[in-house]
Amino acid sequence: MDTASAPVGSLQYCCCQLPEMGDTWSQLPWPGPPHPAVLLVSLLLAAGVMHSDAGTSCPVLCTCHNQVVDCSSQRLFSVPPDLPRDTRNLSLAHNRIAAVPPGYLTCYMELRVLDLRNNSLMELPPGLFLHAKRLAHLDLSYNNLSHVPADMFQEAHGLVHIDLSHNPWLRRVHPQAFQGLVQLRDLDLSYGGLAFLSLEALEGLPGLVTLQIGGNPWVCGCTMEPLLKWLRNRIQRCTADSQLAECRGPPEVEGAPLFSLTEESFKACHLTLTLDDYLFIAFVGFVVSIASVATNFLLGITANCCHRWSKASEEEEI
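Here the UniProt record's numbering is used: the sequence shown runs in plain steps of one and ends on residue 318.
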């Protein structure tokens with residue numbers, strides 16, 4: 001990208017590469033055979049440059065050991081800009097990070113575990129995981145996420161565990177939010193603000209073993225029936241926190257365990273009217289109309305009679 005055309009204030013994360021040594025040296029004058037000591041020093045310096053370029057430097061306030069980078073509990077307001085390229089486990093937990101820049105994970109293709117719990121994240125940039133194809137464990141719990149869009153986990157097909165629990169403002173999960181995550185085994189959506197979850201969001205997860213959905217204000221209306229039916233059919237293979245999942249509405253099922261609802265509970269959702277029902281309704285309507293007309297007629301006659309009687313009484317008094 002031309003730096004002159006880049007917008008001011010935008011952050012771009014990319015993998016830097018050293019120029020080809022042959023191209024650089026070909027432009028330098030040949031000084032003749034080097035002294036052995038000079039050659040040794042040059043080789044050591046070159047090795048140091050290559051070692052540094054491999055990304056082994058550890059960010060300030062972080063500790064790095066055996067491809068594990070721990071930047072947790074450092075009161076960070078932003079993510080560290082440079083990490084070792086071979087990072088496999090990155091912990092940014094218990095900080096005050098409010099945003100992750102686009103393309104932040106582009107260089108870290110070995111990343112397996114990303115811990116972002118207990119921060120101030122409201123959303124993640126689109127395509128954040130495009131190059132994190134080996135990412136298996138993602139923890140986004142205890143944040144301020146409000147929704148899970150369709151492209152949030154795009155290309156992160158290696159994900160096995162996703163924790164989205166304790167996001168109190170989480171109101172919506174897109175029906176295609178987890179599309180393509182065929183290896184996903186554990187999904188935690190507990191203690192959020194979800195009142196509804198589309199069946200489409202889960203039925204494309206053949207490997208799902210554990211599902212946590214308790215602690216949400218579920219509205220157990222007709223729209224929840226497909227999801228509950230699917231969950232009941234998978235309850236033998238998929239462990240769910242059935243004791244913690246309760247209905248907050250409608251009033252007639254408030255406080256009832258989510259998994260206690262049966263097909264009988266949704267019987268009214270399938271109520272259909274037959275021809276006899278329509279004929280009966282039409283007949284009742286006709287009778288009510290006739291009764292209404294008759295009642296109005298009788299009231300009119302009664303009012304007229306009362307008026308005449310009152311007028312006659314006044315004339316007799318005179």
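The C-beta atom is built at its ideal place from N, Cα and C for all residues, glycine as well. Being a predicted model, the structure only gives us computed values, none of them experimental.
Between residue 171 and residue 204, the gap from beta carbon to beta carbon reaches 8 Å or more.
Of 233, 74 and 178, the smallest CA-CA separation from residue 94 is found for 74.
Between residue 160 and residue 187, the alpha-carbon positions lie close to 9 Å from each other. With a cutoff of 8 Å on beta-carbon distance, residue 173 and residue 195 are scored as not near each other. Relative to the Cα of residue 145, the nearest Cα in the group 157, 162 and 169 belongs to 169. Scanning its chain for C-beta atoms nearer than 8 Å, with the 5 sequence neighbours on each side dropped, one finds around residue 151 the residues 126 and 127, in chain order. Using a 10 angstroms sphere on the CB of residue 214, the tally of other CB atoms reaches 16 or more, which defines it as buried. Between residue 137 and residue 113, the gap from beta carbon to beta carbon is short of 8 Å. If you draw a straight line from the Cα of residue 141 to the Cα of residue 133, it comes to about 21 Å.
The continuous alpha helix (DSSP H) containing residue 234 extends over residues 225-234. Each residue's CA atom was taken as its position, placing residue 206 and residue 63 some 38 Å apart.
Secondary structure note for residue 202: it is in no beta strand (DSSP E), and the uninterrupted alpha helix (DSSP H) holding it is 200-203.
Here the alpha carbon of residue 118 sits roughly 14 Å from the alpha carbon of residue 90. With respect to the 8 Å criterion, residue 156 and residue 129 are classified as neighbours on the basis of their beta carbons. Spatial neighbours of residue 67 in its own chain (CB-CB distance under 8 Å, excluding positions within 5 residues in sequence) are listed in chain order as 84, 86, 87, 88, 89 and 110.
Residue 216 and residue 191 have their alpha carbons spaced roughly 5 Å apart. Looking at 293, 176 and 231, the one whose alpha-carbon comes closest to that of residue 148 is 176. Separation of the CB atoms of residue 258 and residue 220 is rounded to 7 Å, and the pair is thereby assigned contact status at 8 Å. In the structure shown, residue 91 adopts extended strand secondary structure according to DSSP, grouped into three states. Considering only 227, 231 and 218, the residue with the shortest C-alpha distance to residue 209 is 231.
For residue 63, the uninterrupted beta strand (DSSP E) segment begins and ends at 63-65. The closest CA to that of residue 82, considering only 182, 305, 76 and 57, is found on 57. For residue 218, the three-state secondary structure derived from DSSP is strand. Annotation for residue 210: the continuous beta strand (DSSP E) segment containing it runs 210-212. A residue is called buried once 16 or more other Cβ atoms fall within 10 Å of its Cβ, and residue 309, having fewer, is exposed.
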